[in-house]
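Chains as they are written, first to last, in the numbering used here: chain A, -16 to 390; chain B, -16 to 390.
Ideal placement from N, C-alpha and C gives every residue a C-beta, glycine not left out.
Protein chains: 2
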Amino acid sequence: MSSRVIKLDSQMFASADRIEQITKKIINEKKRGLNVVVVVPFIHLLDEKLKQYAYSITNEPSKRELDAIRSTNSQIASSLLAIAINKFGFKAVSLTGWQAGIETITPNRTVLIENVNRQIIKDYLNNDVIPIIAGGQGIDQDNNITILGEGGAETSAVAVAIAIEADKVDIYTNAIGVYTADPKIVKAARKINQITYDEMLELSLLGSKIIHPRAVELAKKYSMPLDVCSSTENVPGTLIKGEVEMERNLIVRGVAYETDIIRLTVGYESYEQVSLASLFTTLAENQINVDIIVQAVIDGVKPTVSFSIDKEVFAEAIKVLESHKQSLGFSYADFEVGLAKVSIVGSGMTSNPGVAARMFERLLKENILVKMVSTSEIKVSVVVPQDDMVRAANALHDEFNLVEELL
Amino acid sequence: MSSRVIKLDSQMFASADRIEQITKKIINEKKRGLNVVVVVPFIHLLDEKLKQYAYSITNEPSKRELDAIRSTNSQIASSLLAIAINKFGFKAVSLTGWQAGIETITPNRTVLIENVNRQIIKDYLNNDVIPIIAGGQGIDQDNNITILGEGGAETSAVAVAIAIEADKVDIYTNAIGVYTADPKIVKAARKINQITYDEMLELSLLGSKIIHPRAVELAKKYSMPLDVCSSTENVPGTLIKGEVEMERNLIVRGVAYETDIIRLTVGYESYEQVSLASLFTTLAENQINVDIIVQAVIDGVKPTVSFSIDKEVFAEAIKVLESHKQSLGFSYADFEVGLAKVSIVGSGMTSNPGVAARMFERLLKENILVKMVSTSEIKVSVVVPQDDMVRAANALHDEFNLVEELL
């Protein structure tokens, strides 16, 4: 009998009615003769409350205890769902991370899944029980409760699916799949039927909130198909897998955007003083993630290095630069706010030179100033004024024919 | 180094200030050079909220899932306390029931502690860490999370103390110990310095809320001393142990009371129809706890059986009696409300005949009608009109010289 892992969304726990709605959908899958395993996420509202408890004692609760407190979140959610499924006469049990045998390691700050005890889950499935696993949590080798962090619940779902050799993971969302662009800003956006792991990874990294890149990476590594689909409507979703046959001839698969980008620029008196290594090592050591980096070395002009960061880390970045000014050897630091990043993504680009050029041309035609550029094998990102972001996204969506109907 | 188990009370988690207050007291014990283990209770307010979650889905959540949800309560409490202790620079870790190795069995509805993995706790103590154990919970042999029920946290504390061979368990309360009577109704009540397990057991069973009889029973079995003491004041509490030397000559140790007692009476046409076994088996099968039983068989008068029950089970008891009237063979059922039970407790009674007689004499002198009587080796209970309860308790407190100062 084939097995299916279903990953739920926080909003599906917003009320008893919503829980009942999703319960019926899960039972329908079960009735179709599938071995169903459900992975529940953290409930946002509850997570806030639990964190408040911890921070009422001190501003710096230990990570171990904060994790122990926060883990009760998806533990409660999984029990509630099990109760709801029981109510309809089907067998279900809630499983915390440790009960499901999800073992984690923490090589450097980030908690990673090391192993999933497949036998525990298989035993429940063999007894016709639906295991409801608390997502985003596990235990380390010393039996401490651990929290996987961002994208944890999705990652749990993929890891469990790999362990029990499920046929795919259904990622239930409130949309009906992955779109060529955010429908909120690009009216012509449409659902993508199939997309590769790499394309989805880029879209996720570039700001699409549908699925966390971490889960996509794990799925890619083990070739586990992900199906992003509606939790309410019975329509096909977006299948994420290794290779996409149907739409291969399409160069660009989607347009992504990210707001509140800040460009920082540091200037040096002479080229000898520029050390990219020490600059970015210092920033990294202070947990400041840098995105696009541009180094301008023009004859006769004093050298500068620009890089983009998120608004959240701006204050910290300025602080770090100031306190390391001497050792880093730059003479001034400057910044520009009110920027946004717009990206095009598609594995077709690799074999299609001139995609970036076509992008710049269209933006020029639209009179949109490109402040920074970054390219990879399957994406091109530009930083533009935030006020032009929506226009840029729509223009690029149009330029690369994403609006056209596909097989 | 000697080890001490400290059991906290729900009210000590009422606010961040209260948590800090109790944290300081725990740290003081640690500073005295003791190996300290703390057991935290269920926080009442949180327990209500968690139950509400479960019952929002159905009126009949499975016990397994309800336990899983409710267990997050003391899990959160233990983490909060660990965070608070960390804040003062001392090492502490929260431990859930399964992390602390508390294994349970459920022979019949009631969850019992089967074993505590002493090594886990000892390892933390050897590393100078204060383990903060979530009380009232454990895991069964199938790794299901279990809740111990009434008196669970105290029972966890005693079980842990036995496992690690602690010198005693400190039961922190908001009073300063066990009293000869409830100071709210008997003004002359005073703190008892020492009391035996059996006496405490009777006081607990008779309505004293200080410590659950279940925990006293376990402590008695393993001769583990319990010290009921103040969580705020630095005064000696009440030591509960096997034999009490100092106050041995005292006949009665305390007066207890219980309100809202209902007397049910069933009447039969003839003695042949009376079957106490089937009557009380039927009630027990329907979870109705019966306390005092009085059977009146008087020549020439039709036989009756009276028994006392708590107000909470009254409606259910009436229902059970009605639906089994035929098979139980009684001809009518009657009841009397507005009653209370007043008891005197003391192991000195065993060797002191006439204690009950002296009790009845005093109540007669006070013009208090005795409706039912029950005696054991170390206690005499009477059921009286609730309006006379306070007067009865004070009179008996006076009669048996409980007001006198003792060593």
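Asked: Where the beta strand (DSSP E) containing Asn98/B begins and where it ends; Found: 93 to 99
Asked: Three-state secondary structure (DSSP) of Gly160/B; Found: coil
Asked: Within-8 Å CB hit, Gln82/B to chain A; Found: yes
Asked: Chain A residues whose Cβ lies nearer than 8 Å to that of Val365/B; Found: The contacting residues do not exist; Val365/B stays about 45 Å from chain A at best.
Asked: Stretch pair the region 43 to 63 of chain A + the region 157 to 174 of chain A: three plus CB contacts closer than 8 Å; Found: no
Asked: Extent of the continuous beta strand (DSSP E) to which Arg(-13)/B belongs; Found: -14 to -10
Asked: From Val325/B, Ile154/B, Asn11/B, Ala171/B, residue whose alpha carbon lies closest to that of Leu207/B; Found: The sequence shown places Met at residue 207/B, not Leu. For Met207/B, the nearest C-alpha among the options comes from Ile154/B.
Asked: The alpha helix (DSSP H) enclosing Met342/A, as first and last residue numbers; Found: 338 to 348
Asked: Interface residues of chain B facing Glu349/A [CB-CB closer than 7 Å]; Found: In chain order: nothing, as chain B lies at least about 52 Å away.
Asked: Uninterrupted beta strand (DSSP E) stretches inside the region 298 to 372 of chain B (no shorter than 3 residues); Found: 315 to 328, 355 to 359, 362 to 368
Asked: Neighbour flag for Arg236/B against chain A, beta carbons, 8 Å; Found: no
Asked: Three CB pairs or more closer than 8 Å across the region 286 to 298 of chain A and the region 254 to 270 of chain A; Found: yes
Asked: Cβ neighbours of Gly84/A in the same chain (closer than 7 Å, five flanking residues each side left out); Found: Val99, Asn100, Ile103
Asked: Residues bridged to Pro114/B (per DSSP); Found: Val76/B
Asked: Bridge partners - Ser291/B, DSSP secondary structure assignment; Found: Arg246/B
Asked: Straight-line gap, Glu216/A to Ala376/A (C-alpha atoms, nearest Å); Found: 28 Å
Asked: Chain A contact residues for Asn126/B, given Cβ-Cβ distances below 7 Å; Found: Gln82
Asked: Nearest-angstrom beta carbon gap, Asp123/B and Ile96/B [assumed within contact, 8 Å]; Found: Ile96/B to Asp123/B, Cβ: 11 Å. No contact.
Asked: Members of the region -13 to 3 of chain B that neighbour chain A once the beta carbon cut-off is set at 9 Å; Found: Ser(-2), Ala(-1), Ile2, Glu3
Asked: Asn127/A, DSSP secondary structure in three states; Found: coil
Asked: Length at least 4, wholly inside the region 136 to 219 of chain B: the alpha helix (DSSP H) runs in chain order; Found: 180 to 188, 196 to 204
Asked: Nearest residue (CA-CA) to Leu201/B, options Cys212/B, Leu184/B, Ser191/B; Found: Leu184/B
Asked: Under 9 Å from the C-beta of Gln102/B: neighbouring residues of chain A; Found: Ordered by position in chain A, no residue passes the 9 Å Cβ test against Gln102/B, which lies about 12 Å from the chain.
Asked: Same chain, Cβ closer than 6 Å to Ser(-7)/A, neighbours up to 5 away in sequence not counted; Found: Pro24, Ile26, His27
Asked: Closer than 7 Å at the beta carbon, the chain B residues around Asn69/A; Found: Ser45
Asked: Contact under 8 Å by Cβ, Val19/B with Ala140/B; Found: no
Asked: Interface partners of Tyr36/B on chain A, CB under 7 Å; Found: Ile59, Leu63
Asked: Residue(s) in a DSSP beta bridge with Ile88/B; Found: Leu95/B
Asked: Own chain, CB closer than 6 Å to Ile168/A, minus 5 neighbours either side, in chain order; Found: Val373, Ala376
Asked: Selected residue, minimal CA-CA separation from Asp243/B, among Glu86/B, Ile145/B, Ile292/B, Ser334/B; Found: Ile292/B
Asked: Neighbourhood of Asn269/A by C-beta distance below 7 Å, restricted to the same chain and skipping five residues each side; Found: Glu299, Val303
Asked: Beta carbon proximity, Gly48/B to chain A, threshold 8 Å; Found: It should be noted that the sequence gives Glu, not Gly, for residue 48/B. Yes, Glu48/B lies at the interface with chain A (some Cβ there is under 8 Å from its Cβ).
Asked: Proximity test, Cβ basis, 8 Å: Thr470/B and chain A; Found: This structure gives no information on residue 470/B, because the portion of chain B shown stretches from -16 to 390.
Asked: Interface residues of chain B facing Ser191/A [CB-CB closer than 8 Å]; Found: Near Ser191/A there are no residues of chain B at all, since even the closest Cβ is about 32 Å away, more than 8 Å.
Asked: Straight-line gap, Asp0/A to Ala67/A (C-alpha atoms, nearest Å); Found: 10 Å
Asked: Contacts around Val277/B, its chain only, beta-carbon distance under 8 Å, and the 5 residues preceding and following it disregarded; Found: Val288, Ser289, Phe290, Met355, Val356
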